[in-house]
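Note sheet for the following structure.
Protein chains: 2
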Amino acid sequence: MSNQLDTIAPLREFVIGMTNLVSQETEQAHLISKGSELLKTLIQSDDWLPEFCTVPHPEFYQQYLLHADPLGRFSVVSFVWGPGQKTPIHDHCIWGLIGMLRGMEKGQRYQQLPSGELVTDGSETILRQGEIEAVGPTIGDIHVVSNAISDKTSISIHVYGANIGAVKRHTYDPLTGQPKQFVSGYSSKQVPNLWDRSAEVRASLT
Amino acid sequence: MSNQLDTIAPLREFVIGMTNLVSQETEQAHLISKGSELLKTLIQSDDWLPEFCTVPHPEFYQQYLLHADPLGRFSVVSFVWGPGQKTPIHDHCIWGLIGMLRGMEKGQRYQQLPSGELVTDGSETILRQGEIEAVGPTIGDIHVVSNAISDKTSISIHVYGANIGAVKRHTYDPLTGQPKQFVSGYSSKQVPNLWDRSAEVRASLT
Ligand SMILES: [Fe+3]
Ligand SMILES: [Fe+3]
Ligand SMILES: [Mg+2]
Chain A
1 MSNQLDTIAP LREFVIGMTN LVSQETEQAH LISKGSELLK TLIQSDDWLP
51 EFCTVPHPEF YQQYLLHADP LGRFSVVSFV WGPGQKTPIH DHCIWGLIGM
101 LRGMEKGQRY QQLPSGELVT DGSETILRQG EIEAVGPTIG DIHVVSNAIS
151 DKTSISIHVY GANIGAVKRH TYDPLTGQPK QFVSGYSSKQ VPNLWDRSAE
201 VRASLT
Chain B
1 MSNQLDTIAP LREFVIGMTN LVSQETEQAH LISKGSELLK TLIQSDDWLP
51 EFCTVPHPEF YQQYLLHADP LGRFSVVSFV WGPGQKTPIH DHCIWGLIGM
101 LRGMEKGQRY QQLPSGELVT DGSETILRQG EIEAVGPTIG DIHVVSNAIS
151 DKTSISIHVY GANIGAVKRH TYDPLTGQPK QFVSGYSSKQ VPNLWDRSAE
201 VRASLT
């Protein structure tokens, strides 16, 4: 799909599209529906993801920041699952979109009863390459997610309505439903350079 | 100066300040004057610059992208001079600010006569740590710059009113004034992650 001179173009176009979207829209339902369309286009190909954002860790799932909006209106993350890796039960406290890029994810949603107890919300689901799901306080925010492939890396691209690595959110004790604050951070001190368009521009010089 | 948990904070604050500025202002004179104030604050300390954006090349001056606005309204670059390195005579075709972070730069401005010939505009200047100068089509856009220190690396932080690495601009033949198109690109495929505030947030968890 990608221009050989400009492999990262699909990610750059996505970031530009999302930046225009959050500049024009503030209603969450619109951000989710229009963001989903943009994400659907992004995950149609996967050769745009830089190598360093695809590397699994032997023990922990990795969260490579791909882009954060400077005004904190959205962020984009490459979520890399090693074989058998699984999150705790957790929430996000903001809207989020999950688009499957490579492999498969297994997910189970939960609801918290007024008593504080967690109960499953629907049955376990499988997210396949090219598919998208949404989470958030108004549409169901608590879930547990794992790599659905036991012997391979899976990668999903996540978009959130804030700088997700800095959001105070919660993990939940599966037995008691007791929440515990956490903040995820990011797995790398560097992000991809989306903006070097010089090869393309150079090819057009007279 | 910087918080030990969040070394990169001054650069993040600068990027947020510039993003707010370009969201509110379009007049170039204001962008230059307010951008200069923000840049002055940024270059008061230098411990925020990530190591990989300080590395000189034995032969060529390096241009490490620190941040590009997704809508192309500004970009920030770490310009790293090895000993003795020097640009060709060149222009920018947009406004730019140069803030001296480490070491010193020597600059000579030029004007192009209607005949096409280049003549010096003022005498050679020295830019010292903490000082700022501006370039641009309306305020003098043609110059040659070099490391003013013969045996050390110098580093200046540049801010431009576009994605500078992708701008079609010109070098000039010093004898004839003949312009030649070029595009500079960037020296790294990665940029710093300015957005991992998790250490700070984690320290505040209850
Ligand atoms: Fe999640
Ligand atoms: Fe210059
Ligand atoms: Mg100092």
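Protein chains in written order, with our numbering: chain A, 1 to 206; chain B, 1 to 206.
Heads up, the beta-carbon is just placed ideally off N, CA and C, and yes, glycines get one too.
Quick caveat: nothing in here was measured; it's all calculated off a predicted structure.
The alpha-carbon of B/S156 is positioned some 33 Å away from that of A/V22.
With respect to B/S198, A/A166 sits close: the two C-beta atoms are nearer than 8 Å. Close to B/R197, with beta-carbon spacing below 9 Å, are these residues of chain A in chain order: N163, G165, A166, V183 and G185. Residues of chain A with a Cβ closer than 9 Å to the Cβ of B/R169 do not exist; the shortest Cβ-Cβ separation is about 10 Å. Only exposed fits A/E51, as fewer than 16 other CB atoms lie within 10 angstroms of its CB. Under the three-state reduction of DSSP, A/Q108 is assigned to strand.
The DSSP-derived three-state label of B/E133 is strand. A distance below 6 Å between beta-carbons, with the five flanking residues on each side excluded, links A/T125 to the following residues of its chain, in chain order: G107.
In the structure shown, A/N163 falls within a coil segment according to DSSP collapsed to helix, strand and coil. Per DSSP, the continuous alpha helix (DSSP H) segment holding B/Q24 begins and ends at A9 to Q24.
Out of A/L113, A/I98 and A/E13, the CA that lies nearest to the CA of A/V159 is found in A/I98.
With its beta carbon at least 8 Å from every one in chain B, A/A9 lies outside the interface. A direct Cα-to-Cα measurement between A/L205 and B/H92 gives close to 16 Å. Taking a 10 Å sphere around the C-beta of A/A203, we find fewer than 16 other C-beta atoms and assign the residue as exposed. DSSP links A/P50 through a beta bridge to no other residue. Against chain B, the beta carbon of A/L31 has no neighbour under 8 Å; the closest one sits roughly 16 Å away.
For the 8 Å CB-CB criterion, B/V191 and B/L66 form a contact. Close to B/T19, with beta-carbon spacing below 9 Å, are these residues of chain A in chain order: D69, P70 and L71. Between B/P10 and B/L39, the CB-CB gap reaches or exceeds 8 Å. Distances taken from the Cβ of B/V76 to the heavy atoms of ligand 2 include none shorter than 7 Å. Nearest Cα to B/K34 within the set B/R109, B/I139 and B/G17: B/G17.
DSSP links B/N193 through a beta bridge to no other residue.
Taking 7 Å as the cut-off, the C-beta of A/V145 counts as close to a heavy atom of ligand 1. Looking from the CA of B/F79, the closest CA among B/N20, B/G103, B/N193 and B/D121 belongs to B/G103.
Within the DSSP bridge table, the entry for A/F79 names A/Q63 and A/S156 as partners. Taking C-beta separations shorter than 7 Å and ignoring five residues to either side along the sequence, the partners of B/F74 in its chain run M18, V22, V159, Y160 and G161, following chain order. Placement of the Cβ of A/V135 at a distance of less than 7 Å from at least one heavy atom of ligand 1 is found.
Placement of the Cβ of B/H170 at a distance of 7 Å or more from every heavy atom of ligand 2 is found. For B/H170, the closest C-alpha among the options B/C53, B/I142 and B/N193 is that of B/I142.
In the three-state DSSP reduction, A/K168 falls in the coil class, being neither helix nor strand. The continuous stretches of alpha helix (DSSP H) do not include B/H143, which lies in the beta strand (DSSP E) extending over residues I142 to N147. The beta-carbon of A/K189 is placed less than 8 Å from the nearest beta-carbon of chain B. Within the same chain, Cβ atoms closer than 8 Å to the Cβ of B/G96 are found at A134, V135, G136, H158, V159, Y160, G161 and I164, the five residues on either side in sequence being excluded.
If you ignore the 5 residues before and after A/E25, its C-beta comes within less than 6 Å of the C-beta of L31, all in its own chain and listed in chain order.
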